[in-house]
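Chemist:
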Amino acid sequence: MTIKIPPDQIVIRPPVEAYSVLIPVTGGCSWNKCRFCGTYKGVYGVTQDYAIRSLEDVKKDIDKFAKNNYHGFPVFLAGGNPSSAPTDFLIEIIKYVRVKLRNVPRVSCYAKSLDILRKTDEELKSLANAGLDIVYMGLESGSDTILRIMKKGTNAESMIKAGKKILNAGIKISLYIILGLGSHKYSEEHVKETARVLTEINPTIFRFRTLNILKGTPLWDEWKSGQFKLLSPVENLKEEREIIANLGENVTSQVFNDHISNYCSIESANIKEDKEMFLKTLDTYINDPKIQNLPRSNLARM
Ligand code: SF4
């Protein structure tokens, strides 16, 4: 049974924000059509409609955290895409956080490329000046074919433009890549185009996730009927290897495999400096007979 929850309840947050103060700003997702995603469609036992919370309610939450001495923690402005909210509204919230909570080391939120493109450079700079440090954005793939099939509602060009706009405004960006999103058919294109987009943007951080298909997502039936196939563990590792190998020399991003879905946990503080180490470590995994024979299981919960 799924229940509909109001926008002040949080469904997900990035693993890196596990110990942050979580302040709901929007509920649901204004797009909510990606075929691999069921976050707000009931896969976690709840559904949530898209909504922007009232400024008054968000401020009340911040007041509560201040009253209870939640000083010194990072702050995550929660909800599927707070970047869809008006810039003035977001600026007021971020400023309020910075006034009410002391020693906040980081303010962050999820963002969508089309929301970012709707904002002017000046608006993004104002968000940076107010104290927005980093946004988390799902690139998923650099391949237009895969983005179209998966109904991401955007393309590589928009991702590149949005990524550059964010960085130029002085806001850091962390991008998510989903290994296996193109299945076997588009694996090569996934690798090549994702490496190209990452090279164009040179994001502050990029993070790998591995495709798992949760019940309730549009992709579930296709997988169950055998039309869509998951990559094996070693095939996912090979995709990651080739994405790293194909990055341009300019890419200095931090790289993480910081998710339960990943088959390795290798990370780098600067992929330009660590590329050789990263590739060698991945090769060790890829050439390990135990990993080559590891059966693929699909995670039921993440
Ligand atoms: S992946 Fe992101 S943009 Fe796509 S439906 Fe899920 S929350 Fe919305």
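Note that the numbering used here has the sequence shown beginning at 1, numbered continuously upward.
Idealized CB from N, CA, C, for every residue including glycine.
I need the boundaries of the alpha helix (DSSP H) containing Thr284, first residue and last residue.
Modeler: Residues Ile271 to Ile286.
Chemist: In angstroms, rounded to a whole number, what distance separates the CA positions of Ser158 and Arg196?
Modeler: Going from the Cα of Ser158 to the Cα of Arg196 covers about 14 Å.
Chemist: So what does DSSP say about Thr204, is it helix, strand or coil?
Modeler: Thr204: coil per DSSP, three-state reduction.
Chemist: Measuring straight from C-alpha to C-alpha, what distance separates Gln254 and Met137?
Modeler: Whole-angstrom Cα-Cα distance: 15 Å.
Chemist: Could you tell me the alpha carbon to alpha carbon distance between Asn155 and Lys100, rounded to whole angstroms?
Modeler: Asn155 and Lys100: Cα-Cα distance of roughly 39 Å.
Chemist: Excluding the 5 residues flanking Pro105 on each side, which residues of the same chain have their C-beta closer than 6 Å to its C-beta?
Modeler: So the list reads Pro74, once near-sequence residues are dropped.
Chemist: With Pro289 as the anchor, note down where its alpha helix (DSSP H) starts and where it stops.
Modeler: Its alpha helix (DSSP H) spans residues Pro289 to Gln292.
Chemist: Quick one: what's Thr210 bridged to in DSSP?
Modeler: In the DSSP output, where bridge partners are listed per residue, Thr210 has Leu179.
Chemist: Taking just the CA atoms, how far does Asn103 sit from Ile149?
Modeler: Straight-line Cα distance between these residues: approximately 44 Å.
Chemist: May I ask you to verify whether the region 280–299 touches the region 236–245, counting CB pairs closer than 8 Å and requiring at least 3?
Modeler: Taking 8 Å as the limit for Cβ pairs, the verdict is that the region 236–245 does touch the region 280–299.
Chemist: Quick one: what does DSSP say Phe36 is sitting in, helix, strand or coil?
Modeler: Residue state, collapsed to three classes: coil.
Chemist: Between Trp31 and the ligand SF4, is there a pair consisting of the residue's CB and a ligand heavy atom that are separated by less than 8 Å?
Modeler: Result yes, Cβ under 8 Å from the ligand SF4.
Chemist: Where does Thr2 land, buried or exposed, given buried means 16+ other C-beta within 10 angstroms?
Modeler: Under this definition Thr2 is an exposed residue.
Chemist: Which runs of the beta strand (DSSP E) spanning at least 3 residues fall entirely within the region 117–151, listed in chain order?
Modeler: Correct list: 134–140.
Chemist: Got a sec? Which residues, its chain only, sit under 8 Å from Arg207 by beta carbon, not counting five neighbours each side?
Modeler: Taken in chain order, the residues that qualify are Ser174, Leu175, Tyr176, Ile177, Val255, Phe256, Asn257, Asp258 and His259.
Chemist: Between Leu152 and the ligand SF4, is the CB less than 8 Å from at least one heavy atom?
Modeler: For the record, residue 152 in the displayed sequence is Lys; it is not Leu. Yes, Cβ of Lys152 sits closer than 8 Å to a heavy atom of the ligand SF4.
Chemist: So, for Tyr40: in the same chain, excluding its five sequence neighbours on each side, which residues have a beta-carbon less than 7 Å away from its beta-carbon?
Modeler: Cβ within range, chain order: Val11, Gly28, Cys29, Asn32, Thr47, Gln48 and Gly80.
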